[in-house]
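Report on one structure; see the data block that follows.
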DNA sequence: TAGTGGTCTAGACCACTCC
DNA sequence: GAGTGGTCTAGACCACTAA
């Protein structure tokens with residue numbers, strides 16, 4: 001599959017940016033268009049892409065400024081994928097499947113999935129990076145859609161990869177909610193933290209291209225080892 | 001100041017979307033261009049704006065689908081402003097200034113501000129919504145830039161409003177980090193939660209248009225009353 | 001196959017920054 | 001005033017969805 005021009009251009013520009021210092025200015029949009037033989041529109045699409053991902057900031061009348069926010073970001077507007085994010089930060093992710101079962105629906109799951117599904121597959125996973133446990137995750141996926149999932153694959157492939165390759169379910173969007181909680185005994189043991197310590201609680205709902213909910217996950221992260229960073233751009237006036 | 005065409009168009013489209021049902025399709029981009037007498041580029045800019053803010057989803061070959069994610073979101077790519085976000089959710093925000101002092105720099109602040117600033121103004125605020133305390137915030141702003149700040153205004157105006165109107169400092173971008181912690185005695189008392197309960201810990205650094213750090217804030221939120229939601233769109237392949 | 005959103009071009013004018 | 005990013009136009013072709 002041939003990538004679009006502006007994506008290719010943004011990749012070339014990332015290489016260039018990696019050789020530059022924070023605070024330096026990129027060539028102007030018109031110059032970049034000339035250098036790479038594309039229209040200014042395409043250059044702008046590539047720069048939009050880089051701005052959202054924390055490689056540059058743009059300043060009206062001045063230019064595109066190199067920044068390094070991308071280095072410390074778990075997430076910008078990209079989809080969350082533990083595996084991908086850890087690799088991007090130069091760490092070696094691993095997943096251990098602690099348990100799996102088929103459960104009946106309950107009030108909470110009904111409110112989330114809204115499709116009358118009666119049974120769900122529950123997956124309990126421990127996520128580690130460079131061998132250190134970071135997150136304890138309980139995931140729920142509808143049985144009718146994913147009953148043929150290969151349990152053995154779950155430790156080796158990402159859940160979203162399995163969804164796409166084996167079930168043709170493409171994740172379009174995820175909603176996440178952040179909160180905090182105290183650990184229980186089981187989670188404390190798995191994460192190797194003291195009982196009654198605080199954990200970062202993340203609730204994630206993922207939605208496919210047809211607007212159906214296909215996954216709900218509750219994660220508990222050790223706050224001393226895993227935190228979540230994001231960047232907001234100011235688009236509105238104050 | 002005249003707003004750009006695509007912003008005006010996006011506002012008109014929000015009115016239209018508010019009269020539609022979730023799941024309905026907007027007119028096609030070409031039709032919208034014709035209806036509103038603008039180019040398709042302008043329509044696309046307006047739709048980009050709406051997609052990022054959770055009003056629509058776009059599906060290649062199908063159309064722009066009305067969704068209501070904007071209703072449950074504390075944040076999309078908009079800047080974080082407690083006051084604005086609470087109002088958007090239909091709640092009445094209030095701020096109580098618990099304390100303020102001038103402090104000397106320390107190792108942590110030096111690493112964050114990186115400009116050799118020697119003194120900082122420290123503000124301790126309690127943020128409430130409809131009279132219920134949600135967040136305990138400690139903010140640090142450079143003394144040399146903001147020494148003339150009117151302390152009395154802080155309970156009445158938003159900090160970012162004061163920055164802009166009184167100091168001509170426009171916030172360009174904010175970085176936030178989410179973690180979790182146990183409350184201490186003072187915070188437990190202020191938030192009216194039991195000692196040793198967990199709080200959502202938020203660290204925020206805000207940066208102005210010249211790339212200078214102008215504020216650093218540590219917030220502790222009561223997780224039973226305040227959580228943080230966000231949406232990620234899938235731009236990459238899995 | 002018709003219609004949709006996604007990408008891309010060439011060109012124009014405006015608003016802003018910096019000298 | 002020169003150069004920059006921001007907005008806008010008119011038009012084209014491609015890739016995808018749905019009937």
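Protein chains in written order, with full-length UniProt numbering: chain B, 1 to 238; chain C, 1 to 238.
For every residue, glycine included, the Cβ atom is placed at its ideal position computed from N, Cα and C.
Residue burial classification, residue i (beta-carbon count within 10 angstroms, cutoff 16)
i	result
residue 135 of chain C	buried
residue 162 of chain C	buried
residue 125 of chain B	buried
residue 39 of chain C	exposed
residue 221 of chain B	buried
residue 179 of chain B	buried
residue 9 of chain B	buried
residue 104 of chain C	exposed
residue 67 of chain B	buried
residue 42 of chain B	buried
residue 176 of chain C	buried
Neighbour flag for residue i against chain B, beta carbons, 8 Å
i	result
residue 176 of chain C	yes
residue 69 of chain C	yes
residue 66 of chain C	no
residue 223 of chain C	yes
residue 199 of chain C	yes
residue 238 of chain C	At residue 238 of chain C the pLDDT is 34, less than 50, meaning the model places this residue with poor confidence; the figure from the coordinates comes in the next sentence. Residue 238 of chain C counts as touching chain B.
Residue i in three-state terms, based on DSSP
i	result
residue 49 of chain C	helix
residue 42 of chain C	helix
residue 60 of chain B	coil
residue 161 of chain B	helix
residue 144 of chain B	helix
residue 75 of chain C	For residue 75 of chain C, the predicted structure reports a pLDDT of 48, less than 50, and the residue's modelled location is therefore unreliable. The matter cannot be settled from this model.
residue 1 of chain C	Reliability fails at residue 1 of chain C, whose pLDDT of 47 lies under 50, so the model's placement of it is uncertain and the value that follows must be treated cautiously. If DSSP states are grouped into helix, strand and coil, residue 1 of chain C belongs with coil.
residue 20 of chain B	coil
residue 55 of chain C	coil
residue 199 of chain B	strand
residue 114 of chain B	coil
Check whether residue i and residue j have beta carbons under 8 Å apart
i	j	result
residue 132 of chain C	residue 225 of chain C	yes
residue 165 of chain C	residue 95 of chain C	no
residue 119 of chain B	residue 141 of chain B	no
residue 215 of chain B	residue 139 of chain B	yes
residue 251 of chain B	residue 227 of chain B	The question about residue 251 of chain B has no answer, for chain B in this structure spans 1 to 238.
residue 14 of chain C	residue 55 of chain C	yes
residue 129 of chain B	residue 91 of chain B	yes
residue 51 of chain B	residue 44 of chain B	no
residue 113 of chain B	residue 217 of chain B	no
residue 174 of chain B	residue 127 of chain B	no
Residue-chain proximity (residue i, chain C), Cβ-Cβ < 8 Å
i	result
residue 141 of chain B	no
residue 55 of chain B	no
residue 229 of chain B	yes
residue 179 of chain B	yes
residue 196 of chain B	yes
residue 93 of chain B	no
residue 27 of chain B	no
residue 172 of chain B	yes
residue 211 of chain B	yes
residue 191 of chain B	no
Contact belief for residue i with residue j at Cβ below 8 Å, rounded distance in angstroms
i	j	result
residue 26 of chain B	residue 61 of chain B	Not really, about 15 Å apart at Cβ, beyond 8 Å.
residue 208 of chain C	residue 150 of chain C	Residue 208 of chain C to residue 150 of chain C, Cβ: 20 Å. No contact.
residue 144 of chain B	residue 169 of chain B	Residue 144 of chain B to residue 169 of chain B, Cβ: 12 Å. No contact.
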